[in-house]
Structure formats: C-alpha cells, structure tokens
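These notes are about the structure you will find just below.
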Amino acid sequence: MKKGFITLTVNGDTCEVVVSSRHTLLDVLRGKLQLMGTKEGCTTGSCGVCTVNNGRGEAVLSCLTPALEWDGQAITTVEGLEHNGELAPIQQAFIDYHAVQCGFCTPGVLMSAQAILNATPAPTEDDINDGLAGVICRCTGHIKVKEAIRHAGEFAPRRKA
Amino acid sequence: MLLPDHDFIKPRSLAEGLAVLRDSPPGVRLLGGGTDVVFNMRCRLMTPATVLSLKDLPEIQGVAVLPDGSLRLGAASRLTDLIVEPVLRERHPALVKAFRAVASRHVRNLATLGGNLCLDTRCWFTNQTKEWRDTKGPCLKTGTDACHAIQGSPVCVALNNADSPPALIALDATVTLASCRGERTLPLADFYREDGIRHTVLAPDEILTAVTVPPTADRLVFRKETARQGMDFSYGTIAIRADSAGGRATRLRIVLGSLTTSPRQLTAAAERLAALGLGDEGLAAACATVRDALGPLTNLYSPAAYKRELARTLLRKAVTDLREMTA
Chain A
1 MKKGFITLTV NGDTCEVVVS SRHTLLDVLR GKLQLMGTKE GCTTGSCGVC
51 TVNNGRGEAV LSCLTPALEW DGQAITTVEG LEHNGELAPI QQAFIDYHAV
101 QCGFCTPGVL MSAQAILNAT PAPTEDDIND GLAGVICRCT GHIKVKEAIR
151 HAGEFAPRRK A
Chain B
1 MLLPDHDFIK PRSLAEGLAV LRDSPPGVRL LGGGTDVVFN MRCRLMTPAT
51 VLSLKDLPEI QGVAVLPDGS LRLGAASRLT DLIVEPVLRE RHPALVKAFR
101 AVASRHVRNL ATLGGNLCLD TRCWFTNQTK EWRDTKGPCL KTGTDACHAI
151 QGSPVCVALN NADSPPALIA LDATVTLASC RGERTLPLAD FYREDGIRHT
201 VLAPDEILTA VTVPPTADRL VFRKETARQG MDFSYGTIAI RADSAGGRAT
251 RLRIVLGSLT TSPRQLTAAA ERLAALGLGD EGLAAACATV RDALGPLTNL
301 YSPAAYKREL ARTLLRKAVT DLREMTA
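Residue numbers (my numbering), protein chains in the order written: chain A, 1 to 161; chain B, 1 to 327.
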C-alpha cells in the first residue's frame with residue numbers, strides 16, 4: 001500500500017492516522033500528531049535525538065523505521081513521561097543533576113534513560129553505557145546524565161512509561 | 001526528507017511474502033528492521049518500487065535447538081533478542097559479543113539478524129547525501145562504469161561492514177534461502193560475493209529465512225576495532241575459532257570482516273598457527289601471511305596500509321585471547 005490508516009497508541013491515547021509509505025514514524029509523530037517533543041536530528045541513525053520507546057519500553061530510533069510498520073503498536077514519546085502534571089522520576093533527576101545543557105538532545109536522552117530504567121531499576125555502569133551509546137549530546141557529555149539515571153533508578157519508585 | 005515513493009507490503013506469512021516476490025517485477029527491497037534500508041532510501045541510494053517488510057513474519061523469528069544440537073536462528077530475530085537468548089549466551093558468548101558490537105542499543109532494538117547479514121556494502125564515495133554524490137558524479141553502484149575508490153576498477157569495491165558474519169562464518173554457520181521454487185541451504189561463507197553491488201548470492205525471488213549454527217566444543221573469540229567504542233561501523237573485525245585448549249590448536253578458522261568486499265578467511269595463517277602453536281613463533285609466522293591473504297586493499301574509511309597493520313594487530317590480540325581460554 002502507498003497510503004493507509006494505521007492505529008497507533010501514543011502515550012496511552014489510541015488514534016488512527018492516515019500515513020503514506022514515504023513517512024517514517026518520526027514524520028508521523030511530529031507532522032501528523034504535532035508531538036514536537038521528539039526531535040529530528042541527523043535522520044541517519046547516528047545521533048539518537050529521535051528516540052522513542054516502543055511497546056516493550058525499549059529505545060528505538062523513530063527516524064529509521066517506516067510508519068506503516070507500526071500499525072497497532074504502542075509508543076511512548078517524551079510527552080508521555082509526565083503524568084497529570086507530575087514529572088517522571090527520570091525527568092526530575094535530570095533537573096536535580098543538571099543533566100541538560102542546550103536541551104536539543106534531551107528528549108532522546110530522556111527516552112534512552114527511561115528505557116534503561118524500564119529494563120532494570122538498578123542499572124550497572126555497563127547497562128547505562130550501552131543504553132546511552134546511541135544518543136549523542138554535543139554540548140557536553142554523559143556524566144551528569146549518568147548520575148541522574150543512577151539516582152532515578154536508586155531512589156525513585158519504578159514506573160513503566 | 002520524505003522517503004522515495006514506493007509500495008509498502010507487509011505479508012502475514014512467509015508463503016504470502018514469497019508469492020509477492022514471485023509475482024512482482026524486479027525492484028522489490030526486503031526490509032528487516034529498516035535501520036540500513038530506510039537510511040539508504042533517504043539518501044536515495046535505494047529507490048525500490050516495492051518494500052516487503054519481513055520483520056514480523058512468525059516463521060522466521062526466534063531461536064530453536066534442532067535435534068542434532070544445531071541452533072537455528074530466525075532471520076527476522078532482533079539482535080537485541082538474540083543477545084539475551086540464554087542458549088546462545090551459554091554456548092557462544094563470542095557470537096553474542098559480535099551481535100552486541102553492531103551499532104547501538106537503539107539500532108539493535110530494531111535491527112534483525114538477516115538485515116545485518118544482508119547489510120549493504122559501504123563506500124566513502126557512495127554513502128553520502130545525493131547532493132554530495134552529485135558533485136563527484138555517479139559510480140558503478142549509482143549508474144556509470146566509473147569507480148571513485150579505485151580508478152578503472154571493473155567491479156565495485158565497497159566494503160562489507162557487517163559485524164556478525166565473521167563470527168558466524170568461523171562457526172561454519174549455514175544460511176537457508178527460501179523461494180517459491182523451493183529452499184536451499186549453503187555455507188554463510190559462500191553467501192557473499194566479491195562485488196560491492198550484488199554482494200550476496202540471494203536471488204531476487206528469495207528470502208533469507210534462517211541461520212543454522214552447528215554444535216561445537218571449540219573456542220571462539222571475536223574482536224572489533226572502531227573509531228568510537230559506543231557505536232560505529234568497524235574499521236576491522238576478527239573472529240577465530242580453534243579446537244583443543246591453551247597454547248595449542250590443530251584446527252583453526254580465522255575470518256576478517258570490514259576490510260574487504262566480503263569477509264576474508266586467513267587459511268595460510270590458520271595453518272601456520274596449527275603447525276607452530278599459538279605462541280610467539282606461530283603468531284609471527286601467521287602475521288607474515290596476512291599481506292598476501294588480503295591482496296590489494298582500498299583506502300575506503302582507512303588507508304590500505306593501516307588496514308594491513310590492523311589485520312595483523314587484530315590477529316595478535318585475538319590469538320592472545322585464545323591462549324587464555326581453556327576450551
């Protein structure tokens with residue numbers, strides 16, 4: 001098919017969207033659903049700022065996957081981390097540990113961090129490095145981010161995004 | 001930038017997918033996780049009329065232990081799922097290491113084993129944006145008879161940059177290719193061709209369905225050298241399989257990846273190591289054969305002289321790893 005309806009559950013809300021085979025998941029999130037939190041960076045899989053979580057809470061690159069592939073599936077974007085105005089533990093930890101600089105990569109880093117915590121609430125150094133390797137912060141580095149993840153995993157109750 | 005216009009087909013069964021391939025005119029592109037194909041489509045290196053998504057086909061998922069003890073890995077299994085597969089971790093930790101060496105977690109959460117094995121070859125002059133390529137003019141892969149990497153080369157010399165083939169070839173893995181005409185199984189080593197454009201023997205109507213790893217008690221080591229450890233295409237990879245224990249081995253298989261158009265086996269080096277042992281003497285003799293075994297190399301991504309030295313370095317490091325393994 002060149003064009004078709006797909007059913008997507010984004011941040012808990014189920015919606016039907018008309019998409020073309022020319023769209024990636026990122027095009028649908030930003031263009032069709034107006035969820036501008038997810039950023040478009042390199043679109044070649046190098047930078048990771050387009051990271052969202054799939055139905056299993058794993059980090060995936062929304063720029064490298066055709067939208068039609070996602071019919072019937074669930075996605076969490078950075079907009080879905082907070083609930084009723086209350087920030088997710090990982091978001092609060094990013095604020096507390098100053099893990100944000102210019103902020104462009106932050107949605108991708110947050111969703112990668114959430115994916116690490118979804119897999120294990122007590123990630124090892126290796127888990128964190130592995131989970132963050134695909135997303136690049138050009139301002140500074142991953143030190144503060146890693147501190148924030150460790151903190152969110154250790155002290156906050158685990159919440160599946 | 002939107003992807004090029006194409007027809008997207010997501011079959012519900014393998015038979016349905018094979019029928020699509022049989023009935024379609026040429027120009028069908030098989031899609032696994034999409035991390036390679038979507039990227040190449042965005043750069044307009046691939047402009048298929050039809051994209052056939054294989055990712056969710058139930059017949060080609062997961063790991064099965066066959067009656068003879070072989071492991072059958074479904075081609076549409078995600079690399080992430082293979083990495084945590086208990087039977088793989090227990091039997092072939094170095095193979096798991098090779099799967100984990102592929103790109104980043106984000107990519108492996110989408111990417112499939114079949115997709116990595118069929119990863120398109122890469123070239124510094126071709127894997128660029130369309131605007132970049134237009135300033136240089138087309139090449140063998142993009143529609144003329146010129147090669148920018150080696151002037152006058154009759155054949156495309158782009159590199160096979162996949163990380164999983166060397167380890168699988170060292171393990172004597174076979175691949176199963178299905179089509180409406182039937183099924184054929186061949187060694188993974190014979191799956192690749194010395195041609196950067198048609199770099200595998202997969203026919204236009206075939207689908208890679210499974211990889212079978214025969215049982216073995218041999219040791220296997222894997223190493224990857226790359227610019228950044230986190231995620232990057234490799235400068236070079238090596239996998240060595242050896243029998244016996246400690247400093248001796250009677251049978252070895254050495255496979256290098258990412259240096260040439262198809263994974264390269266070092267048979268002469270393996271023979272020297274078997275004859276002289278895994279000590280310094282055997283290693284020096286084995287390293288002396290590397291230059292001839294590699295033959296002419298391109299300067300793609302790293303200079304040819306660096307590639308030769310890297311091959312020797314990988315060999316030294318991997319043999320040192322082997323010595324420390326008991327079995």
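Beta carbons are placed, not taken as given, at the ideal position from N, Cα and C, and that holds for glycine.
- At least 8 angstroms separates the CB of S164/B from every CB of chain A.
- For A113/A, no chain B residue has a C-beta closer than 8 angstroms to its own C-beta; the minimum C-beta separation is roughly 12 angstroms.
- Chain order gives no chain B residues near M36/A, where near means a beta carbon separation below 8 angstroms; the closest approach is about 18 angstroms.
- Between the C-alpha atoms of G247/B and I240/B there is a straight-line separation of about 14 angstroms.
- Against G230/B, the close residues of chain A are N129, D130, L132, A133, G134 and I136, in the order they occur along the chain (beta-carbon pairs closer than 9 angstroms).
- Here DSSP, grouped into helix, strand and coil, assigns N54/A to coil.
- Taking a cut-off of 8 angstroms for Cβ pairs, the stretch 107-119 of chain A and the stretch 128-137 of chain A touch, as three or more such pairs fall below it.
- The Cβ atoms of G141/A and T51/A do not sit closer than 8 angstroms to each other.
- With contacts defined by Cβ atoms closer than 8 angstroms, L266/B and A249/B do not form a contacting pair.
- In this structure, I207/B lies away from C156/B, with their beta-carbon atoms at least 8 angstroms apart.
- DSSP places R253/B in the uninterrupted beta strand (DSSP E) bounded by L252 to G257.
- V60/A: member of the beta strand (DSSP E) spanning A59 to L61, first to last residue.
- Residue-level contact check: L68/A touches chain B, since one or more beta carbons of chain B fall below 8 angstroms from its beta carbon.
- Spanning the alpha carbons of E154/A and H83/A requires a straight line of approximately 20 angstroms.
- Using a Cβ-Cβ distance cut-off of 8 angstroms, the stretch 123-142 of chain B and the stretch 255-263 of chain B are not in contact, since fewer than three pairs of beta carbons, one from each stretch, lie closer than that value.
- Its chain contains R29, L31 and M46 as the residues whose beta carbon lies nearer than 7 angstroms to that of V37/B, once the 5 sequence neighbours on both sides are disregarded; these appear in chain order.
- For a cut-off of 8 angstroms, the C-beta gap from T112/B to R78/B is around 6 angstroms, short enough to register as a contact.
- The three-state reading of DSSP puts E85/B in coil, since its state is none of H, G, I, E or B.
- At a cut-off of 8 angstroms between beta carbons, F8/B contacts chain A.
- Following the DSSP letters along the chain, one finds K55/B in no beta strand (DSSP E), marked with neither H nor E.
- The beta carbon of T200/B sits closer than 7 angstroms to the beta carbons of C118, F191, Y192 and R193 from its chain, once the five residues preceding and following it are set aside; these are given in chain order.
- The stretch 13-29 of chain A and the stretch 16-28 of chain B do not touch, with fewer than three beta-carbon pairs separated by less than 8 angstroms.
- Beta-carbon to beta-carbon, A76/B and I60/B are separated by about 4 angstroms, close enough to satisfy the 8 angstroms threshold.
- Per DSSP, F5/A is one residue of the beta strand (DSSP E) stretching across K3 to V10.
- Look at R42/B: its C-beta is under 8 angstroms from a C-beta on chain A.
- The C-beta distance from I238/B to L256/B rounds to 5 angstroms, short enough to meet the 8 angstroms contact threshold.
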